[in-house]
Structure formats: C-alpha cells, structure tokens
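Visitor:
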Ligand code: F6R
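Residue numbers (our numbering): 8 to 619.
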C-alpha cells in the first residue's frame, strides 16, 4: 500500500526521504515521488513510475536542497501507475502539494464540485482533488489561513486518508492529517519525521506520536501541535518504541523473508516469555476480562492472520468449551454477524492497520461484543480501538509474505485459549499440561527444523517449474495447508490450492494428472491413515507427493518416496501448525529463489493493506 515519509529540520531533506521510502518498499508500490521546499521558498517535485532506486538516481534531485520535504510510494488504486498519477499532487496554482495514503470514496461528487469552481484535474487520481479543495477554501477565506482551509477541505472528504501537505505559504511547517490510514510522527532534536509506519524512521528516532483519526498535526522543526477538526489543540503523549533499527535490516541474509523465517525461534521464545510468569503460570494483561460471560468466540482477520485463527479454533473449542468461529474480516464486516455482549471477538493483525480488520473491529464494538486484539505493531490503529490487546513479539516483519508473525500469532492464540480455560476452571487435565509443555519446546523444535532443511531446498529445485500445486491436510493440518498454499501463491506465482484432504475426491481430484505436486501435511496420529489414503489416491493418478509429517510413515505401503518426506519433530497435534508450516515457508522461499523472483516484494502485493 502507499507509503508516506516527511522530514522537517536542518539536514537536507532528500536523503532522509529516500531512506524512509526505501524502508517502506516492503509495503508494495508502483511509483515514487517527493516534494521539497527549497530555501528560496520554491517547491520542487520529482516523481515517476518505478522503484525508489530510480527516483534516487534522478539527476533532478540535485536541485532539491531544502530541509522540508514530503515523499510517497504509490500503490495504484484510482488511476493506472503512471508519472502523472504519481504523488505528490498540486493544485492548479501550484500553491498546495499533497501526498496521500488511502482512498477518497466520494470522488465523483467532489470532482464535479471542484470542476464547477473552475479547477481542472490532470491526473486520474482521487488525491489531486485534495490540494485543489484546499486551494479553493483558502482563496475563499484567505484571512482564516491555511489550517482553516485544510479543515474545510477535510469536511468534504469521505474515505480514508493520511495526508502530508506542504506549501510555499507554510514556510516552516508540514501539515499532517489522519483518518483511517496510518501515520506516525517521529520526534527528533530540532528536526521531526513523519512516516506511514515506524521502521521507515526508526534509525532516526525511537520517540513517536501516534496520530488518531480526525487529528491534524502542525509539524515544525522544533514543535508539533495537534488539533481536532474544530482546530482545538489536543495534548498527546510521546511513546518510546523499543524496536531495534538493526532488527529491521537484513542482518546478512539474502532477503528479509529468509531472515524472518530464521528469527522464529527467538520470536516465539519472546512471545511465550512475555505471557508466562517466573513460576511458569500464564500471565496475560487481561485481569478485567470476564471469561464467564461468553457463549461464542469469533476470530476475525485477513489472509495469513486468519489462517492463524483457523489453526487455533480447535484449541479454543477443546479447552474453553465455547463454540468458536473464524471469519474473514472482509466478509464479517458486511454480513451482519450474530454478535452481542456475550460474544468475545478476537482480531488478529500483524500490522494493526488492515482496513477490513479495523472495520470488523469497529462493527464488533458497536454490537457490544468484547474486542480483544492480537497485534504485532505497537501503537497501531487496532491496538488503540480494541478493549484488550495482546502483543506478539515477532519484531518488525518487513517481507510482504508473513512468516514469523503467523507462528507468533498461533502461539499467542494458544496461550490465550489456555488462559481462558484456566479462568473457567477447565484446566485440570493432562492435555492442558501437555500443551503447555509443548509450547515451551517450540523454539528448540523450530530451530531443529531450520538446521535440517536441506531436503526442502532439494524438493524446491525439483518442482519450481510446476504450474499447479495442491496442499492437503485434515483439521489443523488443513489450516496449515491453506497457509502453505498462500505462501506459494504469493511469492512464486504458481497456482496452488489448499483442500481438506477428504474433499479432494468430491471434485478437485479431476485436476490431478501426471506430475502435479500434492503436498500433504500429517501431524495428527488419530487421522494420519485417512490423509495417507487420500495421498495414495492421487499417487495412483500420477501425482508427485511431498509429505510434511511428524509420524513414522511406512513408506513401502504408502507409495511415497523417502526423499519427499520432510520429517518434523513430534508435538501435540494441536500446536503442530507452528512446526509444520516452517518447511512450507521454506519451500515457497526456495521455489521463488529458483525462479529468481523478488521474494520480499512480490508483484501486486502490499504489506499493510490499508484500503478495503
Ligand atoms: C500473507 C500476508 C497477508 C496478511 C493480511 C493481513 O503472507 O501477509 O495475507 O496476513 O494482509 O495483514 P495483517 O496481519 O497486517 O492484518
């Protein structure tokens, strides 16, 4: 999704802006641009389609010497990727210049409004409306000043926006606005920074203001003043972020994704460590959660985060005895779900900024349900809206394809289920103790898989030219099949499908022919023979089988070749998704490398999906 960066201070703005844009590249984009207010008060814009590197090499940047600047990476929504559609955008008189992350929903109405007032739009973007609206309101009542004109323009906008506004009229400030799109302000000494998210400016400061919806900031180099839309001043607190800037760099790995895969033992150890006390008891900051009042649990999220929900639904049901449903946020928000004050709605999000998840969360709050969110990014929008928040301690996840956030989410959801179970007085069972013990062994077992994964690389070498793949499993092995299949789709561009193993013969088996790879996941001894039979059914139709399992598979009777079996350490089948997903993450990674693809920035994808 679009990324924004801003700088105001004493240094040259361009290097800071370019660095920030480079750090935001993982969000996904198709064009990049920036605007700098030079010391002679002239505003210069350089922008184009393509990578930030191309912008960085543009010789026009040499004339941008000022210390106030705004920058943007665009992920096209309204209007194709093109130079003219790239940000920044200015009004017809070149007075106000704007970068925007979000979507203006009442575009048609505002377009005809502004055109009737004599303004012409040159790009296909919705963003171009904004500087023109500001100009219109400024001209109408110049005495009231720019900030007033901005609020008048904002009152007309419907949709989502994080905006940076600069102008020769604003000699020593940048105006920042937020509604439904993320933006943070980093505080420095005699300089301040603006960005869509923390990693972009983490190397400059660890002190941040998190802007809330309907807030405006007047950012000068030595002060930041926050206002509401009525221009009343708001007091806000600076938050210190402990993330290490180095932790968000590659640290010797070829790609962020590989680094993040290898960080999983540490990330999970941290997530577990912060959820248990010294005595080994679960200790979550949920004292006022009244677990006795719920008759339904909903887990709501998107993509990989939703897969973490599916993988743990069974744990919630088994240990809390409360029915648990998992839903995609994009569906949940529009389907009038049956939720009320007796429903516990759990939202999962790495970024804490996913537009659909935020909308679903707001809906749940409105219905009187309790909202509890599992989030990785501290201070993100979801954490500020939810009744309760638990943090995964995955650290910054930069690669677009989520890996360590997923395993931390599954781990933390499991701990949450056990916490509720304990509070309900249902924990006095051997299964409860076993799961608790197994949780603590996860980091070492993941490390074992990572240290012994040559087989996965070999398999990737053999199948990387495939056109189709199937992932199958039952119960939570099916949840992992979905996640493995998603990883393959995202970064290898191979078409892949995940099926509950028993469903294959109800249709999709028609697609199995010589050489189609079918990846089976088997971690539950009570049903392993069932999935094995399903694999035998596809072997006889020519499929090439790859098996991820913690069981001793009898190769002779199952027609599966030893080289295609990736053995993972044993653990309770309930928590096995944290282990069985690791070879699948690596498989997708190595296939993408064989195909020489950019694993960290797959085409069309964005890290933070901040539009609907
Ligand atoms: C896939 C992936 C996405 C995200 C989804 C939700 O690898 O990363 O499917 O899981 O966009 O994002 P968050 O967790 O930030 O809400």
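Yeah, the Cβ is synthetic: ideal placement off N, Cα and C, and Gly gets one too. Since the structure is predicted, the reported quantities are computational estimates derived from the model, not experimental observations.
How far does the alpha helix (DSSP H) with residue 263 in it extend, from its first residue to its last?
Guide: Along the chain shown, read from residue 1 onward, the residue named residue 263 stands at position 256. 263–269 is the span of the alpha helix (DSSP H), which, as asked, contains residue 263.
Visitor: In the DSSP assignment, what residue or residues form a beta bridge with residue 554?
Guide: On the chain shown, position 547 is the one that residue 554 refers to. Answer by DSSP bridge pairing, in chain order: 527, 572.
Visitor: For residue 277, count the other beta carbons within 10 Å of its own beta carbon; 16 or more makes it buried, fewer makes it exposed. Which is it?
Guide: For the purposes of this step, residue 277 is identified with residue 270 of the chain shown, where counting begins at 1. It is buried - the Cβ of residue 277 has at least 16 other Cβ atoms within 10 Å.
Visitor: Straight-line CA distance for residue 107 to residue 53?
Guide: For the purposes of this step, residue 107 is identified with residue 100 of the chain shown, where counting begins at 1. For the purposes of this step, residue 53 is identified with residue 46 of the chain shown, where counting begins at 1. Spanning the two alpha carbons is a distance of roughly 16 Å.
Visitor: Any idea what DSSP makes of residue 484, helix, strand or coil?
Guide: In the chain shown, the residue the question calls residue 484 occupies position 477. DSSP places residue 484 in helix when its eight states are reduced to three.
Visitor: Return the residue from the list 505, 459, 524 that minimises the CA-CA distance to residue 574.
Guide: Within the chain shown, numbered from 1, the residue matching residue 574 stands at position 567. Selected option, being the one with the closest Cα: 459.
Visitor: Let's test the definition: count the other Cβ atoms within 10 Å of the Cβ of residue 521 and tell me whether it reaches 16, buried, or not, exposed.
Guide: For the purposes of this step, residue 521 is identified with residue 514 of the chain shown, where counting begins at 1. With fewer than 16 other Cβ atoms within 10 Å, it is exposed.
Visitor: Within this structure, are the beta carbons of residue 127 and residue 144 separated by less than 8 Å?
Guide: For the purposes of this step, residue 127 is taken as the residue at position 120 of the chain shown. For the purposes of this step, residue 144 is taken as the residue at position 137 of the chain shown. In this structure, residue 144 does not lie closer than 8 Å to residue 127 by Cβ.
Visitor: Please return the same chain residues whose Cβ sits closer than 6 Å to the Cβ of residue 380, not counting the five positions on each side in sequence.
Guide: What you label residue 380 is simply residue 373 of the chain shown in a count that begins at 1. 354, 389, 393, 396, listed in sequence order.
Visitor: Going by DSSP, name the residue or residues bridged to residue 502.
Guide: Walking along the chain shown from the start, residue 502 turns up at place 495. Residue 502 pairs with 475.
Visitor: If residue 219 and residue 185 are in contact, beta carbons under 8 Å, what's the gap, nearest whole angstrom?
Guide: As a first step, residue 219 must be located in the chain shown, where it is residue number 212. As a first step, residue 185 must be located in the chain shown, where it is residue number 178. That pair is a contact at about 7 Å.
Visitor: Among the candidates 405, 281, 602, 391, whose CA atom is the shortest distance from the CA of residue 292?
Guide: For this step, residue 292 is matched to residue 285 along the chain shown. Answer by Cα proximity: 281.
Visitor: Count the other C-beta atoms from every protein chain shown that fall within 10 angstroms of the C-beta of residue 267, then say buried if there are 16 or more, exposed otherwise.
Guide: Translated into positions along the chain shown, residue 267 becomes position 260. Buried, since its Cβ has 16 or more Cβ neighbours within 10 Å.
Visitor: Find out if the Cβ-Cβ distance for the pair residue 450, residue 275 is shorter than 8 Å.
Guide: Counting from 1 along the chain shown, the entry for residue 450 is found at position 443. Counting from 1 along the chain shown, the entry for residue 275 is found at position 268. Yes; because the gap between Cβ atoms is below 8 Å, this pair is in contact.
Visitor: Does DSSP put residue 97 in a helix, in a strand, or in coil?
Guide: The residue given as residue 97 occupies position 90 in the chain shown. Strand, per DSSP.
Visitor: Which residues bound the alpha helix (DSSP H) around residue 320?
Guide: Here residue 320 refers to the residue found at position 313 when the chain shown is read from its first residue. Unbroken alpha helix (DSSP H) run through residue 320: 310–327.
Visitor: Based on the DSSP secondary-structure assignment, which residues constitute the bridge partners of residue 81?
Guide: One-based indexing of the chain shown puts residue 81 at position 74. BP columns for residue 81 point to 38.
Visitor: Residue 423 to residue 297, Cα distance in whole Å?
Guide: Within the chain shown, the letter at position 416 stands for residue 423. Within the chain shown, the letter at position 290 stands for residue 297. Each residue's alpha carbon lies about 13 Å from the other.
Visitor: Would you say the beta carbon of residue 356 comes nearer than 7 Å to a heavy atom of ligand 1?
Guide: As a working mapping, residue 356 is identified with position 349 in the chain shown. Residue 356 Cβ: within cutoff of ligand 1.
Visitor: Using only the alpha-carbon positions, how far apart do residue 340 and residue 367 sit?
Guide: The residue given as residue 340 occupies position 333 in the chain shown. The residue given as residue 367 occupies position 360 in the chain shown. Near 5 Å, if we compare the C-alpha coordinates of residue 367 and residue 340.
Visitor: Only counting the same chain, and skipping five residues up and downstream in sequence, which positions put a Cβ closer than 7 Å to that of residue 163?
Guide: In the chain shown, counting from the first residue as 1, residue 163 sits at position 156. Contacts found: 117, 140.
Visitor: Would you give the residue range spanned by the alpha helix (DSSP H) that residue 559 belongs to?
Guide: Taking the chain shown and counting its residues from 1, the one referred to as residue 559 is at position 552. Taken as a continuous stretch (DSSP letters only), residue 559 belongs to no alpha helix (DSSP H), as it is neither H nor E.
Visitor: If you drop the 5 nearest sequence neighbours on each side, which residues of the same chain put their C-beta closer than 6 Å to that of residue 485?
Guide: Translated into the one-based positions of the chain shown, residue 485 becomes position 478. Closer than 6 Å at the Cβ level, and outside the excluded window around residue 485, lie 507.
Visitor: Can residue 636 be considered in contact with ligand 1, in the sense that its beta carbon sits closer than 7 Å to one or more heavy atoms?
Guide: Examination of residue 636 is not possible in this model, given that the chain is present from 8 through 619 alone.
Visitor: So, with DSSP's three-state summary, where would you put residue 411?
Guide: What you label residue 411 is simply residue 404 of the chain shown in a count that begins at 1. If DSSP states are grouped into helix, strand and coil, residue 411 belongs with the helices.
Visitor: Within the present structure, is the beta-carbon of residue 487 separated from the nearest heavy atom of ligand 1 by less than 7 Å?
Guide: Translated into positions along the chain shown, residue 487 becomes position 480. Outside the cutoff, so no.
Visitor: Output the distance between the C-alpha atoms of residue 301 and residue 217, rounded to the nearest integer angstrom.
Guide: Along the chain shown, read from residue 1 onward, the residue named residue 301 stands at position 294. Along the chain shown, read from residue 1 onward, the residue named residue 217 stands at position 210. Roughly 32 Å between the two C-alpha positions.
Visitor: Alpha carbon to alpha carbon, how far is residue 328 from residue 39? Give it in angstroms, no decimals.
Guide: The sequence position of residue 39 within the chain shown is 32, counting from 1. The sequence position of residue 328 within the chain shown is 321, counting from 1. Cα to Cα, residue 39 sits roughly 51 Å from residue 328.
Visitor: Do residue 42 and residue 77 have their C-beta atoms within less than 8 Å of each other?
Guide: In the chain shown, counting from the first residue as 1, residue 42 sits at position 35. In the chain shown, counting from the first residue as 1, residue 77 sits at position 70. In this structure, residue 77 lies closer than 8 Å to residue 42 by Cβ.
Visitor: Which runs of the beta strand (DSSP E) at least 3 residues long sit entirely within the stretch 347–400? Give them in chain order.
Guide: You should have 350–356, 377–382, 395–398.
Visitor: So, residue 576 versus residue 591, is the Cβ gap smaller than 8 Å?
Guide: To locate residue 576, count along the chain shown from 1; it is residue 569. To locate residue 591, count along the chain shown from 1; it is residue 584. No. Outside cutoff.
Visitor: Let me confirm a value: residue 87 is counted as buried when at least 16 other C-beta atoms fall within 10 Å, else exposed. Which label applies?
Guide: As a working mapping, residue 87 is identified with position 80 in the chain shown. Residue 87 comes out exposed.
Visitor: Can you tell me whether DSSP reads residue 13 as helix, strand or coil?
Guide: Here the question's residue 13 lines up with position 6 in the chain shown. Three-state result, residue 13: strand.
Visitor: With distance defined between alpha-carbon atoms, name the residue in 530, 464, 503 nearest to residue 480.
Guide: Numbered from 1 along the chain shown, position 473 holds the residue referred to as residue 480. Minimum Cα distance to residue 480 is reached at 530.
Visitor: Do residue 11 and residue 203 have their C-beta atoms within less than 8 Å of each other?
Guide: Looking up residue 11 in the chain shown gives position 4. Looking up residue 203 in the chain shown gives position 196. A contact, by the Cβ cut-off of 8 Å.
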